[in-house]
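Asker: The numbering of the sequence shown is the numbering used here, which starts it at 1 and goes up by one. Virtual Cβ for every residue (Gly too), placed ideally from N, Cα, C. Got a structure here, written out as structure tokens. Questions coming.
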Amino acid sequence: MVRKVGGSNLRKSESNCSTTNYRHEWHLIASRIVPIMTLKALKGKDEQSWNSALLQFRKSMVKNIREVEENVFNSLELSYNFLGSREIKECFLFCSLYAEDFNIPIEDLVRYGVGIEMFEAIDSVKEARDRVHAFVDDLKKGYLLMDGEQEGCVKIHDVVRDVAISIASGEEHSFMVRCDEALKEWPEKEQCKNYAVISLRCTGMSKLPDNLEFPKLHLLRLEGNYEDNYASKLPNLPDSFYGGMKELKALSMLNVYIEGSLPTSLRWLTNRRSLSLYECGPINDVSVIGALENLEILSFEGTNIEELPKEIGRLSHLKLLDLLRCGVKRICPGVLSSLSKLEEMYLGSSFNDGNRIEEAKATFTELCGLSNFTTLVIHLRHFAYWPRDLVLTNLKAFAITIGFGTRYFSKRMISTRDCRDYQLQNQLSLEDLHESDLMESEFQNLLKITKIVEITRAVGVKNVGYDLDKDGFKKLTELSLKDCQDLEYVIDTTDGVPVPQIAFPVLQSLCLDNLNKLKEICHGQLPEEAFSALKRLKLWNLPALTHLWKGSTQLVRLRNLTSLDLMSCHKLEGCSHYP
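Next up, the structure:
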């Protein structure tokens with residue numbers, strides 16, 4: 001209808017801009033955010049006129065819902081009302097807690113929901129996460145949300161956000177959202193009200209009040225600056241800051257300067273189920289958190305804490321522990337084994353003190369007794385930190401890096417707030433290892449369910465295929481082998497080991513780099529359907545490689561190949577017919 005009313009120049013303007021935001025804005029126009037009479041007035045105008053109109057449309061984004069035309073509000077409110085369940089509506093309203101044009105981490109929505117006990121009939125954080133991602137997909141299909149600019153994030157259009165804030169600030173929901181300006185002081189009129197949810201940007205405040213009374217507050221989100229120097233961040237919290245928030249269930253603070261110890265008033269928040277402190281350190285003492293016995297989610301992401309004290313072991317209901325980018329050097333003995341309901345732990349680059357290797361190994365061994373433990377993200381400096389006898393029977397999701405530098409981990413894993421997609425791909429990145437490190441440890445079992453494997457500088461590994469997984473890597477989608485100077489074949493089916501019917505059936509990407517002894521990818525009979533899904537093949541610096549495998553099936557097996565990257569493979573023959 002809009003194209004018909006607007007004419008050919010609207011189509012031309014559309015075709016010259018393919019960005020998601022642009023298309024989303026014209027969809028909002030199609031939803032009657034811009035009156036049809038305005039479109040008729042623009043009919044026949046040149047492209048510059050249409051672009052100018054869109055610019056004015058952007059600039060006129062409302063700061064107060066009363067400025068939005070009534071029919072626009074009604075249309076968006078109708079979309080909200082037809083969302084269906086209370087849970088998806090709450091999920092949508094949570095997206096109004098952020099500033100305009102903010103990349104909203106989907107994981108935040110998960111943790112808010114768990115914190116305020118929003119979900120019905122779920123038994124794990126993973127189930128809550130899956131449900132929120134399904135909600136987000138539905139909200140994007142309904143044009144109430146759109147893709148974010150960063151992985152694991154979404155965005156909300158300014159007009160939709162204003163309507164969401166209007167709905168959320170009504171008596172039914174009682175939200176207070178002040179995120180679009182740097183507040184110099186806590187709003188004087190907003191210190192003693194029955195809000196259920198508060199989100200404030202406190203960038204310009206010189207102090208925080210200590211006499212707040214919010215008896216019905218369930219969720220509090222405070223945001224300071226994003227700058228690196230602590231002097232620009234919010235001042236330290238008064239010791240009695242939380243005294244009037246005894247019903248608080250979820251607390252999220254970003255860039256709120258906490259030096260030394262946490263406020264003692266935290267211990268009064270016995271209903272708390274989610275606590276997230278993003279880049280709020282350095283904190284020397286977090287022992288007061290041990291009093292929050294109902295806590296289910298605890299995150300110190302980016303907050304410098306050196307030790308997790310014994311008091312944390314009291315959190316018998318804790319399901320998720322996030323220590324990414326914390327630099328934790330020590331977890332007191334007995335803490336992890338006491339977290340009987342722990343499901344997920346995100347450690348990042350931790351336990352890299354060379355003087356505490358045995359202590360670190362003992363800490364990891366405590367995970368063995370946790371029957372609900374399913375998810376692990378960790379970066380260790382060397383294999384010496386990984387216990388050979390560690391058996392994680394129920395581990396289903398992981399991103400494990402051993403070796404490499406912290407910058408590598410930050411790039412590849414989920415260790416920064418700008419890239420926090422907690423839907424893991426089951427990845428192993430291993431450097432400077434011996435074959436026995438894999439053959440005599442839990443990695444034998446993990447390799448059977450791993451989707452992404454990167455092995456660099458492995459000593460003694462001559463054949464990856466059946467030496468490391470006798471089932472043939474049935475789930476592996478990406479494999480990278482670099483600087484493994486003993487490697488002769490990716491698969492060797494001539495060494496007397498029974499050959500599985502299938503090997504690498506879903507592998508899509510294979511990278512082989514700087515393998516001086518590699519002679520063939522497959523030596524012997526090629527298993528059925530091996531490499532049949534391969535799309536990307538990278539072969540670099542392979543001086544001994546003469547062919548991929550022998551036989552006439554070479555071209556047939558690579559029927560799905562779309563990318564072939566060759567460099568310094570001077571003896572390789574038979575690749576001239578590949579894409």
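Is T375 buried or exposed, if buried means 16 or more other CB atoms sit within 10 Å of its CB?
Answerer: Taking the first residue of the sequence shown as position 1, residue 375 is located at position 375. Buried is the call here.
Asker: Hey, out of V154, G204, S349, whose CA is closest to V256's CA?
Answerer: Position 256 of the sequence shown holds residue 256. Out of V154, G204, S349, G204 has the C-alpha closest to the C-alpha of V256.
Asker: Return helix, strand or coil for F175, following the three-state DSSP convention.
Answerer: Here residue 175 corresponds to residue number 175 of the sequence shown, with the count starting at 1. Here F175 sits in strand by DSSP.
Asker: For V125 and L320, which I take to be in contact (beta-carbon distance under 8 Å), what is that distance rounded to the nearest angstrom?
Answerer: One-based indexing of the sequence shown puts residue 125 at position 125. One-based indexing of the sequence shown puts residue 320 at position 320. 5 Å between Cβ atoms; contact.
Asker: Considering only residues of the same chain and omitting the five flanking positions on each side of E529, which have a CB-CB separation below 6 Å?
Answerer: Numbered from 1 along the sequence shown, position 529 holds the residue referred to as residue 529. So the qualifying residues of the chain are I502, P505.
Asker: Within 8 Å, do at least three Cβ pairs link the stretch 88-108 to the stretch 153-165?
Answerer: Contact between the stretch 153-165 and the stretch 88-108 is present, because at least three Cβ pairs lie under 8 Å.
Asker: Going by beta-carbon coordinates alone, are K475 and I452 separated by less than 7 Å?
Answerer: Working through the sequence shown from its first residue, we reach residue 475 at position 475. Working through the sequence shown from its first residue, we reach residue 452 at position 452. Taking 7 Å as the Cβ cut-off, K475 and I452 do not qualify as a contacting pair.
Asker: CB N541 to CB S509, shorter than 7 Å?
Answerer: Position 541 of the sequence shown, counted from the first residue, corresponds to residue 541. Position 509 of the sequence shown, counted from the first residue, corresponds to residue 509. Not a contact, by the Cβ cut-off of 7 Å.
Asker: Just grab the DSSP bridge partners of R330 for me.
Answerer: Counting from 1 along the sequence shown, the entry for residue 330 is found at position 330. Bridge partners of R330: E307.
Asker: Look up V461 in the DSSP assignment and say whether it is helix, strand or coil.
Answerer: On the sequence shown, position 461 is the one that residue 461 refers to. Three-state result, V461: coil.
Asker: Identify every residue that forms a DSSP beta bridge with C153.
Answerer: Locating residue 153 in the sequence shown gives position 153, counting from the first residue. P105.
Asker: Distance, Cα to Cα, I258 vs Y278?
Answerer: Mapped onto the sequence shown, residue 258 falls at position 258. Mapped onto the sequence shown, residue 278 falls at position 278. So the alpha carbons of these two residues sit roughly 11 Å apart.
Asker: Around the C-beta of V391, are 16 or more other C-beta atoms found within 10 angstroms, so that it is buried, or is it exposed?
Answerer: Looking up residue 391 in the sequence shown gives position 391. Answer is exposed; the Cβ neighbour count stays below 16.
Asker: Quick check on the DSSP output: the beta strand (DSSP E) that includes D389 runs from which residue to which?
Answerer: Within the sequence shown, residue 389 is the residue found at index 389, counting from 1. Premise fails: D389 is in no beta strand (DSSP E) and is neither H nor E.
Asker: Rounded to the nearest angstrom, what separates S75 and R161 at their Cα positions?
Answerer: Position 75 of the sequence shown, counted from the start, is the residue given in the question as residue 75. Position 161 of the sequence shown, counted from the start, is the residue given in the question as residue 161. If I take the Cα positions, the gap works out to 14 Å.
Asker: State the DSSP-derived secondary structure class of T456, mapped to helix, strand or coil.
Answerer: Along the sequence shown, one-based indexing puts residue 456 at 456. Residue state, collapsed to three classes: strand.
Asker: Suppose you measure from the CA of T493 to the CA of S563; what does that come to, to the nearest Å?
Answerer: Here residue 493 is taken as the residue at index 493 of the sequence shown, counted from 1. Here residue 563 is taken as the residue at index 563 of the sequence shown, counted from 1. Roughly 27 Å separates the two Cα atoms.
Asker: Along the chain, where does the alpha helix (DSSP H) that runs through F531 open and close?
Answerer: Residue numbering aside, residue 531 sits at position 531 when the sequence shown is read from its first letter. Premise fails: F531 is in no alpha helix (DSSP H) and is neither H nor E.
Asker: Would you mind working out which of E343, Q48, I331, L347 sits nearest E359, comparing C-alpha positions?
Answerer: The residue given as residue 359 occupies position 359 in the sequence shown. Of the candidates E343, Q48, I331, L347, the one whose C-alpha sits nearest the C-alpha of E359 is I331.
Asker: State buried or exposed for H379, treating a residue as buried only when at least 16 other CB atoms are found within 10 Å of its CB.
Answerer: Taking the first residue of the sequence shown as position 1, residue 379 is located at position 379. Buried is the call here.
Asker: Taking the CB atoms as reference points, tell me whether L428 and A458 lie closer together than 7 Å.
Answerer: On the sequence shown, position 428 is the one that residue 428 refers to. On the sequence shown, position 458 is the one that residue 458 refers to. Taking 7 Å as the Cβ cut-off, L428 and A458 do not qualify as a contacting pair.
Asker: A503 by DSSP, collapsed to three states: which one?
Answerer: In the sequence shown, residue 503 corresponds to position 503, counting from 1. Coil at A503, not helix or strand.
Asker: Taking the beta carbon of Y80 as the centre, do at least 16 other beta carbons fall within 10 Å, making it buried, or is it exposed?
Answerer: Along the sequence shown, one-based indexing puts residue 80 at 80. Classification for Y80: buried.
Asker: So if DSSP puts D492 in a beta bridge, which residue, or which two residues, is it bridged to?
Answerer: Numbered from 1 along the sequence shown, position 492 holds the residue referred to as residue 492. Beta-bridge pairing links D492 to H523.
Asker: How about L512 and L539: do their beta carbons lie closer than 7 Å?
Answerer: Here the question's residue 512 lines up with position 512 in the sequence shown. Here the question's residue 539 lines up with position 539 in the sequence shown. Against a cut-off of 7 Å, the Cβ pair of L539 and L512 comes out as a contact.
Asker: For E77, which three-state DSSP category applies?
Answerer: In the sequence shown, residue 77 corresponds to position 77, counting from 1. Here E77 sits in helix by DSSP.
Asker: Decide if K249 is buried, meaning its Cβ has at least 16 other Cβ atoms within 10 Å, or exposed.
Answerer: Here residue 249 corresponds to residue number 249 of the sequence shown, with the count starting at 1. K249 should be labelled buried.
Asker: When burial is assigned at 16 or more other CB atoms within 10 Å of the CB, is E296 buried or exposed?
Answerer: As a working mapping, residue 296 is identified with position 296 in the sequence shown. It counts as buried.
Asker: So, helix, strand or coil for Q48, using DSSP?
Answerer: As a first step, residue 48 must be located in the sequence shown, where it is residue number 48. In this structure, Q48 counts as helix in the three-state DSSP scheme.
Asker: Determine the burial state of L78: buried for a count of at least 16 other Cβ atoms within 10 Å of its Cβ, exposed for fewer.
Answerer: Working through the sequence shown from its first residue, we reach residue 78 at position 78. Label assigned to L78: exposed.
Asker: Distance, Cα to Cα, V34 vs V163?
Answerer: Here the question's residue 34 lines up with position 34 in the sequence shown. Here the question's residue 163 lines up with position 163 in the sequence shown. Because V34 carries a pLDDT of 45, less than 50, the predicted location of this residue cannot be relied on, and no value is offered for it.
Asker: Counting beta carbon pairs with one atom in the stretch 169-184 and one in the stretch 113-128, are three or more of them shorter than 8 Å?
Answerer: No: fewer than three Cβ pairs fall under 8 Å.
Asker: Residues in its own chain within less than 8 Å of K59 by CB, not counting five upstream and five downstream?
Answerer: Within the sequence shown, the letter at position 59 stands for residue 59. Confidence at K59 is low in this model, with a pLDDT of 49, below 50, so its placement is unreliable and the value that follows should be read with caution. Around K59: no qualifying Cβ.
Asker: Let me confirm a value: G403 is counted as buried when at least 16 other C-beta atoms fall within 10 Å, else exposed. Which label applies?
Answerer: Residue 403 sits at position 403 when you count from the first residue of the sequence shown. Result: buried.
Asker: Decide if K571 is buried, meaning its Cβ has at least 16 other Cβ atoms within 10 Å, or exposed.
Answerer: The residue you call residue 571 lines up with position 571 of the sequence shown. Its Cβ having fewer than 16 others within 10 Å, K571 is exposed.
Asker: What is the residue span of the alpha helix (DSSP H) that D130 lies within?
Answerer: Here residue 130 is taken as the residue at index 130 of the sequence shown, counted from 1. Note, D130: alpha helix (DSSP H), 125-141.
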